[in-house]
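So the structure is just underneath, and the comments pick up after that.
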Ligand code: CA
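Numbering (my numbering), first residue to last: 1395 to 1626.
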């Protein structure tokens, strides 16, 4: 899965440079030139990480950060703030507002890249690696293989994407609509109960052996989560 990064920066030259370099590194990049546009883009498609300039027209970077943290769907999106102000008080204010890291302008692209990788590794471990382990489950995104306790599990393409997404956020509960958007895409019309069908298939594939604990938890009237610590 390609990490999707939203760059919010009003200086054209810098946003073009960031987009060019981040795309070269394999990220999918969307650019917003002001805070208002950034908030609209986030509600259209939740990014995996936001690079957010402090000084922006219309809605400031700090305000964008605050609003993203207030909305339940974007509460956990990693945010790296960019700013020309390197003063300690501003740094602390930025982190207080909920930014995960902070890069002072001017910066080297290699520094920003390293921070992005570090933040993704820390907050979204499932995105940064080709092979992700979660309890006794291992997913290999390059080879498109899944193993549970060392035994190969055969999954259809939709079940694979569903498991991949759940493994990126272990313990977090997703509604059927959120899973539809993330796995099928928000522009595809699919009924919510389709999710139940595919979760059912995924469960069946993962739980061939009665001795194992079902890693998928159904949360009544809320949705599903991957919960490898769950004991029933
Ligand atoms: Ca600016």
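We put the CB at the ideal spot given by N, CA and C, even for glycine.
Model, not experiment: these values are computed from the prediction.
Outcome for residue i when other beta-carbon atoms lying within 10 angstroms are tallied against a minimum of 16
i	result
residue 1466	exposed
residue 1508	exposed
residue 1534	exposed
residue 1582	exposed
residue 1594	exposed
residue 1500	exposed
residue 1544	exposed
residue 1618	buried
residue 1547	buried
residue 1477	buried
residue 1464	exposed
residue 1490	exposed
residue 1536	exposed
Residue i, DSSP secondary structure in three states
i	result
residue 1617	strand
residue 1624	Residue confidence for residue 1624 is low, a pLDDT of 46 falling below 50, so the modelled location carries little weight; the figure read from the coordinates is stated next. Reduced to three states, the DSSP call for residue 1624 is coil.
residue 1546	strand
residue 1396	coil
residue 1422	strand
residue 1447	strand
residue 1440	coil
residue 1478	coil
residue 1461	helix
residue 1468	coil
residue 1409	helix
residue 1414	helix
Alpha-carbon spacing of residue i relative to residue j, whole angstroms
i	j	result
residue 1579	residue 1461	24 Å
residue 1610	residue 1455	37 Å
residue 1433	residue 1458	7 Å
residue 1493	residue 1586	33 Å
residue 1607	residue 1416	40 Å
residue 1453	residue 1525	39 Å
residue 1402	residue 1566	27 Å
residue 1431	residue 1399	14 Å
residue 1468	residue 1440	7 Å
residue 1446	residue 1414	17 Å
residue 1570	residue 1511	29 Å
residue 1437	residue 1575	12 Å
residue 1612	residue 1531	18 Å
residue 1470	residue 1506	20 Å
residue 1409	residue 1603	51 Å
residue 1538	residue 1551	9 Å
residue 1568	residue 1495	26 Å
residue 1518	residue 1605	30 Å
residue 1404	residue 1584	37 Å
residue 1514	residue 1562	11 Å
residue 1407	residue 1450	15 Å
residue 1523	residue 1540	14 Å
residue 1601	residue 1426	44 Å
residue 1553	residue 1559	10 Å
residue 1503	residue 1396	20 Å
residue 1528	residue 1592	20 Å
DSSP bridge partner residues for residue i (one or two, in chain order)
i	result
residue 1427	Answer by DSSP bridge pairing: none, since residue 1427 is not bridged.
residue 1401	1425 and 1445
residue 1473	1444
(request) At 4 residues or longer, and completely inside the stretch 1493 to 1552: list those alpha helix (DSSP H) runs for me, N to C. (result) Segments of the alpha helix (DSSP H) lying fully in the stretch 1493 to 1552: 1503 to 1517 and 1519 to 1522.
(message) Which complete beta strand (DSSP E) runs does the stretch 1556 to 1620 hold, if anything under 3 residues is left out?
(response) You should have 1610 to 1613 and 1617 to 1620.
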